[in-house]
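Take a look at the structure below.
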Amino acid sequence: MNKYINIVSNANIESRKTAHELQEKLASRGYTPELRFNPQSELTICVGGDGAFIKSLHNNFPRMPIVGINTGHLGFFQEIQPNQIDWFLDMYEQGRYEIEDLKLVRAEIFTKNKNIVVHALNEVILKAQRSKTIHINVFVQKNHVEKFSGDGMMISTPSGSTAYNFSCGGSIVFPTLDVLQLTPISPVFSAAYRSLLSSIIVPGDFDISLVPERRYANSSLVVVDGMEYYYPGLKRVNFKMSNKSIKKLTISPDSYFENLKSKFL
502 MNKYINIVSN ANIESRKTAH ELQEKLASRG YTPELRFNPQ SELTICVGGD GAFIKSLHNN
562 FPRMPIVGIN TGHLGFFQEI QPNQIDWFLD MYEQGRYEIE DLKLVRAEIF TKNKNIVVHA
622 LNEVILKAQR SKTIHINVFV QKNHVEKFSG DGMMISTPSG STAYNFSCGG SIVFPTLDVL
682 QLTPISPVFS AAYRSLLSSI IVPGDFDISL VPERRYANSS LVVVDGMEYY YPGLKRVNFK
742 MSNKSIKKLT ISPDSYFENL KSKFL
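Under my numbering, the first residue of the sequence shown carries the number 502, and numbering increases by one thereafter.
Following this line, the structure appears as structure tokens:
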């Protein structure tokens, strides 16, 4: 019986070299490496950095577990180093791993003519075009929280709390918690405008709604895991924890704290 494993790699030299080495090692162990995504594969291995990891998810949102080999810079999602391939495959074949469910955030974008649903692993941002200040009414469970003024408002998952959210002063949240975080991006706090300066963490089943002032209907951007989208006639964006999740294979349950220390301290 064939055992299929997907290999997803970015285009840099180190990643291609590592992916080729991985392909040979998998074949020598009786696996069939798939360089094009095969939904029947038992595992997806992503070679690259966090950007490659996230891109591979958005291309397929695979149901099988996914694990990363880090050939990038930060590599927060990428647990395996290129020189650990044999060790990783040994651990995998011995069943010495765990599967973590990484929650996604679901955003429903309402425009004048249609509704669009998107999902993100890290964050979704509502901002103005050309780095202008945007004014957004923020609602949680239909309660008006604030009229935000600033560069934008970010809704992040626990997994995304260590990404752009962290750079904007948001809190670090353990990835298995069922919560969402609202983080202001460069909030304006003056005599004319008052915005909350810190993030808010709410239960994942809470409804969050961002409603830009009408004058921004045709000048707002929605940024999904770093990818910008323009929706003319944008009225509001509703958020909730998605029913979808990513199954991340991890060899070391303590790798999260090891990553925090090695990447940020």
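We put the CB at the ideal spot given by N, CA and C, even for glycine. Given the structure is predicted, the values throughout are model-derived calculations rather than measurements.
{"Item": "If you check the beta carbons only, do residue 703 and residue 689 fall under 8 Å apart?", "Value": "no"}
{"Item": "Starting from residue 533, follow its DSSP beta bridges and name the residues at the other end.", "Value": "505"}
{"Item": "Can you check DSSP and say which residues form a bridge with residue 601?", "Value": "749"}
{"Item": "Given 8 Å as the limit, is there contact between the region 714-722 and the region 692-701, that is, 3 or more CB pairs closer than that?", "Value": "no"}
{"Item": "Excluding the 5 residues preceding and the 5 following residue 618 in the sequence, name in chain order all residues of the same chain whose CB lies nearer than 8 Å to its CB.", "Value": "607, 608, 609, 610"}
{"Item": "Going by CA-CA distance only, name the one from 529, 577, 635 that's closest to residue 650.", "Value": "635"}
{"Item": "Give me, in chain order, the residues of the same chain whose beta-carbon lies closer than 8 Å to that of residue 522; leave out the 5 immediate sequence neighbours on both sides.", "Value": "583, 586"}
{"Item": "Quick test of your reading: residue 577 and residue 739, contact by CB under 8 Å. State the CB separation rounded to the nearest angstrom.", "Value": "Residue 577 to residue 739, Cβ: 28 Å. No contact."}
{"Item": "Over what stretch of residues does the alpha helix (DSSP H) that includes residue 666 continue unbroken?", "Value": "665-668"}
{"Item": "Taking a contact to mean a Cβ-Cβ separation below 8 Å, would you say residue 641 touches residue 654 in this structure?", "Value": "no"}
{"Item": "Who are residue 627's beta bridge partners in DSSP?", "Value": "654, 723"}
{"Item": "Just list the residues that DSSP pairs residue 735 with in beta bridges.", "Value": "612"}
{"Item": "Under 8 Å by Cβ, that's how I've got residue 604 and residue 671 pegged, so tell me the actual separation to the nearest angstrom.", "Value": "Residue 604 to residue 671, Cβ: 16 Å. No contact."}
{"Item": "Residue range of the beta strand (DSSP E) that residue 571 falls in?", "Value": "567-571"}
{"Item": "At the level of alpha carbons, what is the spacing between residue 708 and residue 530?", "Value": "48 Å"}
{"Item": "Have a look at 596, 645, 661 and flag the residue whose alpha-carbon is nearest the alpha-carbon of residue 554.", "Value": "661"}
{"Item": "Output needed for residue 552: all residues of its chain with C-beta closer than 8 Å, excluding positions within five of it in sequence on either side, in chain order.", "Value": "511, 573, 727"}
{"Item": "Who are the Cβ neighbours of residue 710 in its own chain at under 6 Å, not counting the five residues just before and after it?", "Value": "640, 737, 739"}
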